[in-house]
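Asker:
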Amino acid sequence: MKFNSRRSNILSTKGVVSTSQPLAAKAGADILAKGGTAVDAAVAAAAVLNVVEPMSTGIGGDVFALYYKADEKKVYALNSSGRSPELANPDQLIEMGYNHIPATSPFSVSIPGAVKGWDTIVNKFGTLNLKTIIEPAYDYALNGFPVSEVIAEGWAGSINKIQEESDYPEFLNPGP
């Protein structure tokens, strides 16, 4: 099968990390170089994506993972999807006048499962601690990062909606 691509082939005997964003892929590869597992690298890459490409993923979301443990010849599955709040029920929404859940309302969001999922899978299959794994994401969040074309286009297309929020200046620094 022939596959045409603008990118060069990458070969490795030590592991490869692929994401939609180079900074996230580098974070994962750096974790592998420190002796981390594939799980450690995946969580590092996901954490960086939260910062550098937040419209694609987020800690307010969920984690679903399949992990093959070669020495056991066994596949493990993780479902760390969010739940509804314990006291939430459809009758409350009907009493409040809703006949459907508006997409932009607080009722359309589940309790996030991502961070719990990261912690669970790293504790079970990782070799590094979560603090070390998410350090690159923390660094980008604190010190900034070069904005990719993908995120620049995403923000440009959403700027009017973003500016409706009172605290938007805290998140969009115009830079030097």
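Counting from 62, one number per residue, gives the positions in the sequence shown under our numbering. Ideal placement from N, C-alpha and C gives every residue a C-beta, glycine not left out.
(1) From Lys135, Pro173, Met116, Ala108, pick the residue whose C-alpha is nearest to that of Ser145; which is it?
(2) Asp101 to Ile194, Cα distance in whole Å?
(3) If Leu127 and Ser117 are in contact, beta carbons under 8 Å, what's the gap, nearest whole angstrom?
(4) Please name the residue or residues paired with Ala138 in a DSSP beta bridge.
(5) Please classify Ala149: does DSSP put it in a helix, a strand, or coil?
(6) Pairs of beta-carbons, one from the region 206-223 and one from the region 93-100, closer than 8 Å: are there three or more?
(7) In this structure, does DSSP put Asn204 in helix, strand or coil?
(8) Just to check my reading of the structure: Leu175 and Ile120 have Cβ atoms closer than 8 Å, yes? What is that Cβ distance to the nearest angstrom?
Answerer: Looking at the coordinates:
(1) Here residue 145 is taken as the residue at index 84 of the sequence shown, counted from 1. Nearest C-alpha to Ser145: Pro173.
(2) What you label residue 101 is simply residue 40 of the sequence shown in a count that begins at 1. What you label residue 194 is simply residue 133 of the sequence shown in a count that begins at 1. In a straight line, the C-alpha of Asp101 is about 6 Å away from that of Ile194.
(3) One-based indexing of the sequence shown puts residue 127 at position 66. One-based indexing of the sequence shown puts residue 117 at position 56. About 20 Å separates the CB atoms of Leu127 and Ser117; that is not less than 8 Å, and the two are not in contact.
(4) Counting from 1 along the sequence shown, the entry for residue 138 is found at position 77. As a beta-bridge residue in DSSP terms, Ala138 pairs with Leu127.
(5) If you number the sequence shown from 1, residue 149 lands on position 88. Coil.
(6) Contact fails: fewer than three Cβ-Cβ distances are below 8 Å.
(7) For this step, residue 204 is matched to residue 143 along the sequence shown. Residue state, collapsed to three classes: helix.
(8) Reading the sequence shown from its first residue, position 114 is the one you call residue 175. Reading the sequence shown from its first residue, position 59 is the one you call residue 120. In the sequence under discussion, the amino acid at residue 175 is Ala, which differs from the Leu named in the question. With a Cβ gap of about 5 Å, Ala175 and Ile120 count as contacting.
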